[in-house]
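S.K.: When we follow full-length UniProt numbering, the leftmost residue of the sequence shown carries the number 1, and every step to the right adds one.
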Amino acid sequence: MNSLESSAETEDDLSLPLSGSTLLHFITWNTCGIKPRRQASDNDPKLNDVLDQLEDINSSVAFLQETHVGPEDGSLLEDVPGWKSFFTVFNSKSKGVAILIKDTIKDFEYICHDEDYAGGYIVLFCRLYGQLFTLVNVYNHKDDHTILKRLGQYLKNTASGTLVVGGDFNTVLDPKIDRSGTSDNHQHKAFRGYLQEFTSSLKLVDIWRIKNPNLKDFTYSKKTKTSNHSRLDMFFMQQDKAPCAQSCEIHTVPGISDHYPVSLKIHVPEIRTMVYQTIYHRYKKICIFTALITNVLKELQNLDPYKSAG
């Protein structure tokens, strides 16, 4: 192989460092409702406590599960101070998901959104800082065994740009490290196959596990005699976009839900940086190709036709 060709292949695999990017901070959290709590001394909705925690964690985009928003509760999420809201209306006692976009994200462009008929997921198509995103919030309810199949088929046909899937999946991917105790949960075992099929069909990877390959931590605690703990709440991204994830963490927030929120920070490259990258790589290829042609011409000029004839 020509040395220039070898150099071209090597350099083409190198990515130009991004001179400018924006850090987006996502949160996924099963809040176990957002309405006023029965034991509360005031009548303030639980949503206020949730919003306070989102501020403390410095969230830009929030995926909430188990909002328990029925037809009579929609006003709770219709006008959330400081946030744009997209949510399902299903049942006042179960299910329900919402995506909140903070108003401080000035470069947000709404395209459209779609909802699951059973209140199990919501998909938001939008642009954030000029980049196309498909944001998916899922609550994998224990009685709905087809939600991930429905969602997977839908996303295969519609997902565009950077796909971010977050939510409560009601199962763990690896019971040996994602659960406490020695026995596998029967429900988790049944749901695991659906989740594995969903992630493999869309080439999704578990970002928290990638960032914490050997760590054992949990997002859900069930108060029983054995105190079971599980990592049910996760963020997924497609494998080729996973390097954009800077970090993924579990936050200990007591007193609001039996689930802990999970955060994900993603680098979003600026448009001008991406354009510069594209121009840079194309120019580099042209220069290498020109050098190859020049070398060939020089070799042809150095040939002695009389020597070859003799």
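For glycine and all other residues, C-beta sits at the position ideal for the given N, C-alpha and C. Predicted, not measured: the structure shown is a model, and the values here were computed from it.
Could you name each continuous beta strand (DSSP E) segment of 3 residues or more that falls completely within the stretch 67–104, going from the start of the chain to the end?
M.R.: Here the runs fully enclosed are 83–87 and 97–102.
S.K.: Assuming Phe90 and Gly119 are in contact, meaning their beta carbons sit under 8 Å apart, how far apart are those beta carbons, in whole angstroms?
M.R.: Phe90 to Gly119, Cβ: 3 Å. Contact.
S.K.: Below 8 Å between beta carbons: does that hold for Gln170 and Leu128?
M.R.: It is Asn, not Gln, that sits at residue 170 in the sequence shown. Against a cut-off of 8 Å, the Cβ pair of Leu128 and Asn170 comes out as no contact.
S.K.: In this structure, what does DSSP give as the bridge partners for Gln238?
M.R.: Leu204.
S.K.: Compare the beta carbon distance of Ser160 and Leu132 with 8 Å and say whether it is the shorter of the two.
M.R.: Result yes, Cβ atoms of Ser160 and Leu132 sit closer than 8 Å.
S.K.: DSSP on Asp178, reduced to helix/strand/coil?
M.R.: Asp178 falls in the helix class under three-state DSSP.
S.K.: So, for Arg37: in the same chain, excluding its five sequence neighbours on each side, which residues have a beta-carbon less than 6 Å away from its beta-carbon?
M.R.: Cβ within range, chain order: Lys46.
S.K.: Does the beta-carbon distance from Leu163 to Asp206 come in below 8 Å?
M.R.: Not closer than 8 Å, so no.
S.K.: Could you give the distance in angstroms between the alpha-carbon of Asp49 and the alpha-carbon of Lys142?
M.R.: Cα to Cα, the separation comes out at about 26 Å.
S.K.: What number of angstroms, rounded off, separates the C-alpha of Leu64 from the C-alpha of Asp107?
M.R.: Cα to Cα, Leu64 sits roughly 22 Å from Asp107.
S.K.: Specify, as a first and last residue, the run of the beta strand (DSSP E) that Arg150 falls within.
M.R.: Taken as a continuous stretch (DSSP letters only), Arg150 belongs to no beta strand (DSSP E), being part of the alpha helix (DSSP H) at Ile147 to Thr158.
S.K.: Is Gln187 buried or exposed, if buried means 16 or more other CB atoms sit within 10 Å of its CB?
M.R.: So Gln187 counts as exposed.
S.K.: Taking DSSP as the reference, what is the three-state secondary structure of Cys32?
M.R.: If DSSP states are grouped into helix, strand and coil, Cys32 belongs with coil.
S.K.: Please state whether DSSP places Lys222 in a helix, a strand or coil.
M.R.: In this structure, Lys222 counts as strand in the three-state DSSP scheme.
S.K.: Could you check which residue in Val97, Arg179 and Gln238 has the C-alpha nearest to that of Ile266?
M.R.: Cα-wise, what sits closest to Ile266 is Gln238.
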